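The opening position of the sequence shown corresponds to residue 0 in numbering that gives the first Met the number 0, with each subsequent residue numbered one higher. Below is one structure, written out as structure tokens; comments come after it.
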Amino acid sequence: MKGFLYFFETIKGLLVTGKHLIVNFFFHTINYIFRIKTKRRGSVTTQYPEEKREIPPRYRTKHRMMFNEEGTPRCVGCMLCVTVCPSDCIFVKAEEIEGKKIATEFIIHVNRCAFCGYCVEVCPEDAIRMDSGKLDFVSDSQKNLSLNLLFKGKK
Ligand code: SF4
Ligand code: SF4
């Protein structure tokens, strides 16, 4: 008898799921085909890359280097981030310039990065942040998935 009750509940559940599937599918497809913009979303599908999801401000995205007013990187090459990184994907080279230690190379191999944010938390100089809002990683080689944080051009 109990099995019989489960059968009805299963059918009921399937009908609810089926209803949402059909309504969402048609609503979404019709809106997309006719480019109708509405506040009600037909489904959770994002038409990437035409449509981009809003990234919450605290979401961890690509790293970026912070620079001093004179344009030098804030990183003093203390190696704390290198030590704490669980993925062993940070490479830092620092030199003493005019009596001050400054990073001359700062590479993060993002193909190995776990986006844990430990490197940001541990930095005593607030030199790196993960608030760039960028999450696109496209490459046909691992070499190109290395972020040069000292490069100031378009990444
Ligand atoms: S976010 Fe985590 S895994 Fe990525 S570089 Fe920083 S410490 Fe390493
Ligand atoms: S980024 Fe911060 S923690 Fe990492 S080496 Fe530079 S100063 Fe040290």
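In this text, a Cβ means the ideal position worked out from N, Cα and C, and glycines have one as well. Small disclaimer: the values here were computed from a predicted structure and weren't measured.
Cβ-heavy atom distance, residue i to ligand 2, below 7 Å
{"i": "Cys77", "result": "yes"}
{"i": "Ile127", "result": "yes"}
{"i": "Glu104", "result": "no"}
{"i": "Glu95", "result": "no"}
{"i": "Pro123", "result": "yes"}
heavy atom of ligand 1 below 7 Å from residue i C-beta
{"i": "Ser86", "result": "yes"}
{"i": "Phe114", "result": "yes"}
{"i": "Cys91", "result": "Per the sequence shown, the amino acid found at residue 91 is Val instead of Cys. Result no, Cβ not under 7 Å from ligand 1."}
{"i": "Val137", "result": "no"}
{"i": "Cys74", "result": "no"}
{"i": "Tyr117", "result": "yes"}
{"i": "Val22", "result": "no"}
{"i": "Val83", "result": "yes"}
{"i": "Ile29", "result": "no"}
Bridge-paired residues (DSSP) for residue i
{"i": "Leu4", "result": "Beta-bridge pairing links Leu4 to no other residue."}
{"i": "Ser145", "result": "His108"}
{"i": "Arg128", "result": "Arg63"}
Exposed unless 16 or more other CB atoms sit within 10 angstroms - verdict on residue i
{"i": "Lys61", "result": "buried"}
{"i": "Pro85", "result": "exposed"}
{"i": "Ile29", "result": "exposed"}
>> Counting beta carbon pairs with one atom in the region 77-96 and one in the region 21-33, are three or more of them shorter than 8 Å?
In response: In short, these stretches do not touch, since the Cβ pair count stays below three.
> Which full runs of the beta strand (DSSP E) of 3+ residues lie inside the region 57-121, going along the chain?
Replying inline: 89-96 and 99-108
>> I want to know whether the region 71-82 touches the region 125-139 - three or more CB-CB distances under 8 Å.
In response: By the C-beta criterion, the region 71-82 is judged to be in contact with the region 125-139, since at least 3 inter-stretch pairs fall below 8 Å.
>> For the pair the region 45-57 and the region 66-78, tell me if three or more CB-CB distances fall below 8 Å.
In response: no
>> Does the contact criterion of 3 or more C-beta pairs under 8 Å hold for the region 115-123 versus the region 133-149?
In response: no
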